[in-house]
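Residue 81 in the UniProt record's numbering sits at position 81 of the sequence shown, and the numbers go up by one each step.
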Amino acid sequence: MEKTINPQKAALVIDRSDNVAVALTDLKKGEECILRFSDREEKVVLLEDIAFGHKVAISGIEKDESVLKYGEEIGKMMVPVQRGAYIHNHNMYCERGMK
Numbered sequence: 001m002e003k004t005i006n007p008q009k010a011a012l013v014i015d016r017s018d019n020v021a022v023a024l025t026d027l028k029k030g031e032e033c034i035l036r037f038s039d040r041e042e043k044v045v046l047l048e049d050i051a052f053g054h055k056v057a058i059s060g061i062e063k064d065e066s067v068l069k070y071g072e073e074i075g076k077m078m079v080p081v082q083r084g085a086y087i088h089n090h091n092m093y094c095e096r097g098m099k
């Protein structure tokens with residue numbers, strides 16, 4: 001039987017190498033969120049509000065460490081963040097197109 005994803009307080013991890021998950025609905029600071037991997041689920045307490053379609057750290061990520069989404073590097077961290085943090089252009093940068 002195929003699992004269906006309940007978007008209630010969940011975020012999806014697409015690739016095994018990812019260190020961020022994609023929010024399946026608007027999520028609120030302090031909520032417990034379900035991280036959906038292909039083979040398991042984990043819980044994380046959110047440190048910040050996370051909008052639908054935005055990224056949440058699934059592990060601690062250090063300054064200048066790559067941010068991986070869909071198995072691809074989409075940027076690097078400007079500051080270290082903890083598991084459950086909101087990842088966006090306020091705390092990460094992308095060198096693509098910068099010259």
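From the three backbone atoms N, C-alpha and C, an ideal C-beta is built for every residue, glycine too.
CA nearest to the CA of S38, picked from R83, L46, V13: Nearest C-alpha to S38: V13.
message: Once DSSP output is grouped into helix, strand and coil, what is the label at G84?
response: Coil, per DSSP.
task: Taking only the alpha-carbon atoms, compute the straight-line gap between I58 and H90 and give it to the nearest angstrom.
output: Rounded to the nearest angstrom, the two C-alpha atoms are 18 angstroms apart.
query: CA-CA distance, A23 and E41?
result: Counting only the Cα atoms, E41 lies some 14 angstroms from A23.
task: Could you spell out the range, first to last residue, of the beta strand (DSSP E) harbouring G75?
output: Element bounds for G75: 72-77.
message: How far does the beta strand (DSSP E) with K28 in it extend, from its first residue to its last?
response: No beta strand (DSSP E) holds K28; DSSP gives it neither H nor E.
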